[in-house]
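For what it's worth, my numbering labels the leading residue of the sequence shown as 1, then goes sequentially.
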Amino acid sequence: MPEGRRSFVQWMLGGGLGASILSFLYPAFRFLKPPQAAEASVNEAPGGKVGDLKPNTAKIIKFGARPVLLMRLSETEWKAYSAVCSHLNCTVQFHEEKRLIWCACHNGFYDLNGHVVSGPPPRPLEEYTVHLKAEEVIVSRLA
């Protein structure tokens with residue numbers, strides 16, 4: 001085989017191998033660093049009707065693109081915290097029997113003030129304000 005043809009074949013094989021490696025690595029890099037999504041600025045979100053939530057219960061509501069844990073602790077006491085665990089961004093839930101906020105991913109617990117009680121979470125949960133307007137529950141950012 002002449003030298004020119006051999007170098008062309010080697011160049012084609014090397015280029016094909018390089019393209020194959022890039023085609024495997026590119027999606028992995030895109031997965032590790034997803035594109036920034038513009039989030040609409042939301043200052044408050046509806047939490048439903050006052051009667052929808054019984055005392056000592058909670059539910060997850062949408063606050064823009066983020067989940068928020070809305071809790072009714074008694075007839076008059078309402079609290080809301082980010083439902084995103086500060087450890088690995090898992091969704092937390094209200095543990096009614098223990099009266100704690102629980103992250104099932106690594107068994108982390110927060111108290112009813114959003115502070116870490118046990119487990120791996122490094123920071124407390126972000127707090128939101130709850131307002132009652134007539135029979136509606138409104139959740140807003142802390143001022």
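From the three backbone atoms N, C-alpha and C, an ideal C-beta is built for every residue, glycine too.
Can you tell me which of the options puts its alpha carbon nearest to the alpha carbon of residue i?
| i | options | result |
| --- | --- | --- |
| residue 133 | 110, 5, 46 | 46 |
| residue 104 | 113, 87, 115, 114 | 87 |
| residue 96 | 73, 121, 138, 77 | 73 |
| residue 131 | 12, 11, 70, 91 | 70 |
| residue 114 | 127, 108, 139, 99 | 127 |
| residue 120 | 12, 76, 108 | 108 |
| residue 85 | 102, 78, 75 | 102 |
| residue 80 | 65, 99, 60, 98 | 60 |
| residue 123 | 110, 15, 77 | 110 |
Per DSSP, which residues does residue i bridge with? Please list them.
| i | result |
| --- | --- |
| residue 140 | 44, 129 |
Check residue i in the structure and name its three-state DSSP category.
| i | result |
| --- | --- |
| residue 120 | coil |
| residue 134 | coil |
Give a yes or no on whether the minimum CB-CB distance between residue i and chain D is below 9 Å.
| i | result |
| --- | --- |
| residue 74 | Chain labels in this structure do not include chain D; a single protein chain is all it has. |
| message | My parser needs the alpha helix (DSSP H) runs of 4 or more residues fully inside the stretch 34–118; what are they? | response | none
| query | Would you call the stretch 3–23 and the stretch 47–61 touching, i.e. three or more CB-CB distances under 8 Å? | reply | no
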